[in-house]
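Colleague: Residue numbers 260 to 531, in our numbering, belong to the letters of the sequence shown in order. Quick one: structure below, then a few questions.
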Amino acid sequence: MNTAAPMPSMPPGLPTLLKNARRIAVLTGAGMSAESGIPTFRGTRNGLWARFDPTELATPGAFLRDPPLVWAWYAWRTQVVTRAQPNAGHRALAQLVRRPGVERVSVVTQNVDDLHERAGSEDVVHLHGSLFTPRCFDCGLPHRMEDAESAPWSAEPVERLEPPRCVRCGGRIRPGVVWFGEALPQGPWRRAMAAVTEADLLLVVGTSGVVQPAAGLADLARDRGRPVVVINPDAMAGMAPGDVHWRATAAQALPLLLRTCSAAEQEDQRRP
Ligand code: OAD
Numbered sequence: 260m261n262t263a264a265p266m267p268s269m270p271p272g273l274p275t276l277l278k279n280a281r282r283i284a285v286l287t288g289a290g291m292s293a294e295s296g297i298p299t300f301r302g303t304r305n306g307l308w309a310r311f312d313p314t315e316l317a318t319p320g321a322f323l324r325d326p327p328l329v330w331a332w333y334a335w336r337t338q339v340v341t342r343a344q345p346n347a348g349h350r351a352l353a354q355l356v357r358r359p360g361v362e363r364v365s366v367v368t369q370n371v372d373d374l375h376e377r378a379g380s381e382d383v384v385h386l387h388g389s390l391f392t393p394r395c396f397d398c399g400l401p402h403r404m405e406d407a408e409s410a411p412w413s414a415e416p417v418e419r420l421e422p423p424r425c426v427r428c429g430g431r432i433r434p435g436v437v438w439f440g441e442a443l444p445q446g447p448w449r450r451a452m453a454a455v456t457e458a459d460l461l462l463v464v465g466t467s468g469v470v471q472p473a474a475g476l477a478d479l480a481r482d483r484g485r486p487v488v489v490i491n492p493d494a495m496a497g498m499a500p501g502d503v504h505w506r507a508t509a510a511q512a513l514p515l516l517l518r519t520c521s522a523a524e525q526e527d528q529r530r531p
């Protein structure tokens, strides 16, 4: 997307929503990391699912059919992420918890990168797993990362790379991400539900909102009458009637929101 385009102004009332929120949940998707140079899945010519077929790369059946093809693709994505840096949006989210009156900020992410953590967010739930937690396909034993990192770097994925073998059972190591057709990990899902249930504000940043059950978290907040703020340059993505929509990118909107709230608070303090 063109980040040089003028940003629509902040929706009125948004700073007040943030100011009144003590517990904030944030649901993030691939758009959160787009300005760090990590491609999204949908919506652009460069989107991963426009260039690669998910049925060949992101299902258990795909891995069983052709383990080196799948392993090579994830090794490439791991390297793209390792070379990327958190953007201003990740950093602003990490600072949100320091705002006066804020008790908790829970980041629930569909992303398999580690940019929220590297930006300093402490309460991060990974709904779709992580590129950095590979495990044995057969026995589930966690695998140390060195093997995935040792793949030769290239701007495009190499064709094939034999996955390492499990030190316990000899099975093939698979990426630690959730594939199509697999259930979400129970613990993170429960933590995500609890975070959204307890939140008095939900920010939804950079997700097309088409993949369930993650997208249903916004409905959970709506059903509880909590305000839902969607930050996405796409006019329609993840929206429902009553949501506040800011048609802006993550790295534009989140730092500006934080600065605006801080400036308003300083102004309040100066008033007699
Ligand atoms: P998508 O690729 O479906 O959607 C990315 C969203 O980010 C779109 O709505 C874009 O408009 C928006 N976007 C793009 N650039 C942005 C920016 N700079 N700031 C803010 N928003 C921006 O990604 P997800 O919704 O995360 O699952 O996709 C959900 C799941 O589908 C992924 O976790 C993955 C994928 O298949 C699995 O692999 C299991």
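Glycine included, every Cβ here is placed at the ideal spot set by N, Cα and C. The structure presented is a predicted model; accordingly, all values stated were derived computationally and were not measured.
If you reduce the DSSP assignment to three classes, tell me which class D406 lands in.
Modeller: Note that D406 scores 49 on pLDDT, short of 50, meaning its location in the model is unreliable; the coordinates nonetheless yield the value given after this. Three-state result, D406: helix.
Colleague: What separation, rounded to the nearest whole angstrom, lies between the Cα atoms of A309 and P298?
Modeller: 11 Å
Colleague: Leaving aside the five residues before and after Q511 along the sequence, list all residues of the same chain whose C-beta is less than 6 Å from its C-beta, in chain order.
Modeller: Excluding residues within five positions, the ones whose Cβ falls inside 6 Å are M266.
Colleague: Just checking, does the segment 461–474 make contact with the segment 487–500 on the three C-beta pairs under 8 Å criterion?
Modeller: yes
Colleague: Using 6 Å as the cut-off, classify the Cβ of E294 as near or not near the heavy atoms of ligand 1, replying yes or no.
Modeller: yes
Colleague: Spatial neighbours of P284 within its chain, please: C-beta separation below 6 Å, excluding the five flanking residues on both sides.
Modeller: Residue 284 is actually Ala in this sequence, not Pro. Around A284: S365, A454, V455, A458, L461.
Colleague: Could you check if D532 is buried or exposed, using at least 16 other CB atoms within 10 Å of its CB as the buried criterion?
Modeller: Nothing about residue 532 can be reported from this structure: the residues present for the chain run from 260 to 531 only.
Colleague: In the structure shown, what three-state DSSP assignment does A473 receive?
Modeller: DSSP places A473 outside both helix and strand once states are collapsed to three, so it counts as coil.
Colleague: For a quick check, are the C-beta atoms of P416 and H402 less than 7 Å apart?
Modeller: no
Colleague: Which partner residues of I432 appear in the DSSP bridge assignment?
Modeller: C395
Colleague: Can you find at least 3 beta carbon pairs, one from the segment 369–377 and one from the segment 343–354, that sit closer than 8 Å?
Modeller: yes
Colleague: Cutting at 6 Å between CB atoms, please list the residues of its own chain near R483, excluding the five before and the five after it.
Modeller: none
Colleague: Determine which residues share a DSSP beta bridge with S365 and list them.
Modeller: A284
Colleague: Where DSSP assigns a beta bridge to W505, which residues make up the other side?
Modeller: Paired residue(s): I490.
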